[in-house]
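Written below as structure tokens is the structure these notes are about.
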Amino acid sequence: MAAYQFGLIGYPIKHSLSPWIHQQFFEATGINGNYSMIEIQPNKNFSESMKALKTMQLDGFNVTVPYKQKVMDYLDEVDEAALKIGAVNTVLCKNNRLIGYNTDGIGYVRSLEQKFPKLSENIDLPILILGAGGAAKGIYHGLKYAGYNHITIANRTTEKAAQIAGENCVISMNEAQERLAEFRLIIQTTSVGMKPNDHQSIISLENMTAETIASDIVYQPIMTKFLREAQTKTTSIHLGHTMLLYQAQSAFKIWTGQNPNTTGMDEALQKQLEG
Ligand code: ATR
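Residue 1537 in the working numbering is what sits at position 52 of the sequence shown, and the numbering runs on without skipping anything.
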């Protein structure tokens, strides 16, 4: 069979780790393929870029910032989860049709349950999501889809959180800070704490308890200030780069039908990130 052709569209993508991850997947599965970077400058005509993309005969591509919503207008079909999230990060090109998916939420949940396997037996645990951007929305729906049913969102702009979870499941950041002890899983989804602002954290973790899992989707740096503070309270820490790995695994499965074994990749990816 001819080698699979995959790619990534977005801007900027120079430092993306997706090519490295998919190379590991090709090796782990023995599948022959390439994963190329297709940078689309924001000042370019996106329709023209999509036309050019169609001539590349790709079997599938990933979509990253800033095109996860925009790309939806150019697809023949969008699956239900991606429609709910309102964003697509994976496109399957099949029989001349483009089909959109979103693997961010499901990838996040997989990475979490991989690290904490007992979690799925405890779907009633109180979860707090910090932030209400695109990433938070994907994770919220991923958790819901997996059955978790006790999710609160805190955001600087509470209206945005209410749009995702409904007014009754929203609190302010200050209230979240006060009530941290009530939650057993706290997920940091904002860009606060990302390099070069790695001295910042969205919230004080003073009231967090030792029974709580602290999760941050920021992976540059890997140990954010949020996680460093959490470590003084709990040993249950979930690192952001693992979400990257498992959203890629779900995309690879959509494209090839195979779920690559990720043993050892978490640590290897961490090494890549730390340069
Ligand atoms: P993404 O799609 O990557 O999630 P986004 O849509 O820009 O990014 O969302 C960023 C999130 O980080 C939002 O929840 C944002 O809060 P607002 O909705 O109030 O804008 C949050 N955020 C970013 N910078 C912040 C800051 N300095 N303080 C508090 N929240 C911040």
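For each residue, glycine too, the CB sits at the ideal point set by N, CA and C.
Below 7 Å, is the gap between the Cβ of residue i and the nearest heavy atom of ligand 1?
{"i": "residue 1677", "result": "yes"}
{"i": "residue 1687", "result": "yes"}
{"i": "residue 1645", "result": "yes"}
{"i": "residue 1547", "result": "no"}
{"i": "residue 1639", "result": "no"}
{"i": "residue 1697", "result": "no"}
{"i": "residue 1642", "result": "yes"}
{"i": "residue 1620", "result": "yes"}
{"i": "residue 1617", "result": "yes"}
Taking C-alpha atoms, which residue in the options lies nearest to residue i?
{"i": "residue 1722", "options": "1757, 1709, 1730 and 1578", "result": "1709"}
{"i": "residue 1524", "options": "1499, 1560, 1681 and 1595", "result": "1499"}
{"i": "residue 1512", "options": "1490, 1742, 1746 and 1751", "result": "1746"}
{"i": "residue 1634", "options": "1574, 1544, 1654 and 1673", "result": "1654"}
{"i": "residue 1715", "options": "1739, 1727 and 1687", "result": "1687"}
{"i": "residue 1732", "options": "1620, 1689 and 1719", "result": "1620"}
{"i": "residue 1593", "options": "1757, 1729, 1645 and 1759", "result": "1729"}
{"i": "residue 1725", "options": "1737, 1504 and 1674", "result": "1674"}
{"i": "residue 1640", "options": "1727, 1616 and 1509", "result": "1616"}
{"i": "residue 1551", "options": "1684, 1575, 1660 and 1496", "result": "1496"}
{"i": "residue 1762", "options": "1588, 1704 and 1555", "result": "As shown, the chain starts at 1486 and ends at 1760. That puts residue 1762 outside it, with no answer to give."}
{"i": "residue 1690", "options": "1681, 1712 and 1683", "result": "1712"}
{"i": "residue 1736", "options": "1488, 1506 and 1486", "result": "1506"}
{"i": "residue 1517", "options": "1743, 1530 and 1571", "result": "1743"}
{"i": "residue 1539", "options": "1579, 1734 and 1681", "result": "1579"}
{"i": "residue 1757", "options": "1658, 1488, 1503 and 1487", "result": "1503"}
{"i": "residue 1645", "options": "1618, 1663, 1658 and 1734", "result": "1618"}
{"i": "residue 1631", "options": "1651, 1606 and 1652", "result": "1606"}
{"i": "residue 1595", "options": "1759, 1753, 1734 and 1569", "result": "1734"}
Decide if residue i is buried, meaning its Cβ has at least 16 other Cβ atoms within 10 Å, or exposed.
{"i": "residue 1608", "result": "exposed"}
{"i": "residue 1603", "result": "exposed"}
{"i": "residue 1750", "result": "buried"}
{"i": "residue 1693", "result": "buried"}
{"i": "residue 1558", "result": "exposed"}
{"i": "residue 1508", "result": "exposed"}
{"i": "residue 1567", "result": "buried"}
{"i": "residue 1561", "result": "exposed"}
{"i": "residue 1542", "result": "exposed"}
{"i": "residue 1695", "result": "exposed"}
{"i": "residue 1532", "result": "exposed"}
{"i": "residue 1661", "result": "buried"}
{"i": "residue 1488", "result": "exposed"}
{"i": "residue 1537", "result": "exposed"}
{"i": "residue 1588", "result": "buried"}
{"i": "residue 1526", "result": "exposed"}
When the distance is taken between beta carbons, is residue j closer than 8 Å to residue i?
{"i": "residue 1668", "j": "residue 1697", "result": "yes"}
{"i": "residue 1493", "j": "residue 1547", "result": "yes"}
{"i": "residue 1622", "j": "residue 1649", "result": "yes"}
{"i": "residue 1577", "j": "residue 1545", "result": "yes"}
{"i": "residue 1637", "j": "residue 1624", "result": "no"}
{"i": "residue 1627", "j": "residue 1678", "result": "no"}
{"i": "residue 1739", "j": "residue 1586", "result": "yes"}
{"i": "residue 1535", "j": "residue 1501", "result": "no"}
{"i": "residue 1699", "j": "residue 1727", "result": "no"}
{"i": "residue 1572", "j": "residue 1554", "result": "yes"}
{"i": "residue 1761", "j": "residue 1672", "result": "Within the shown structure, residues of the chain are numbered from 1486 to 1760, placing residue 1761 beyond reach of any answer."}
Am I right that residue i and residue j are in contact with their C-beta atoms under 8 Å? What's the rounded C-beta distance?
{"i": "residue 1519", "j": "residue 1490", "result": "6 Å"}
{"i": "residue 1574", "j": "residue 1549", "result": "7 Å"}
{"i": "residue 1670", "j": "residue 1612", "result": "5 Å"}
Does the beta carbon of residue i fall short of 7 Å from some heavy atom of ligand 3?
{"i": "residue 1674", "result": "Within the structure as shown, ligand 3 is missing, the only ligands being ligand 1."}
Does any residue of chain E bring its CB to less than 8 Å from the CB of residue i?
{"i": "residue 1575", "result": "Going by chain labels, chain E is absent from the structure shown, which holds only one protein chain."}
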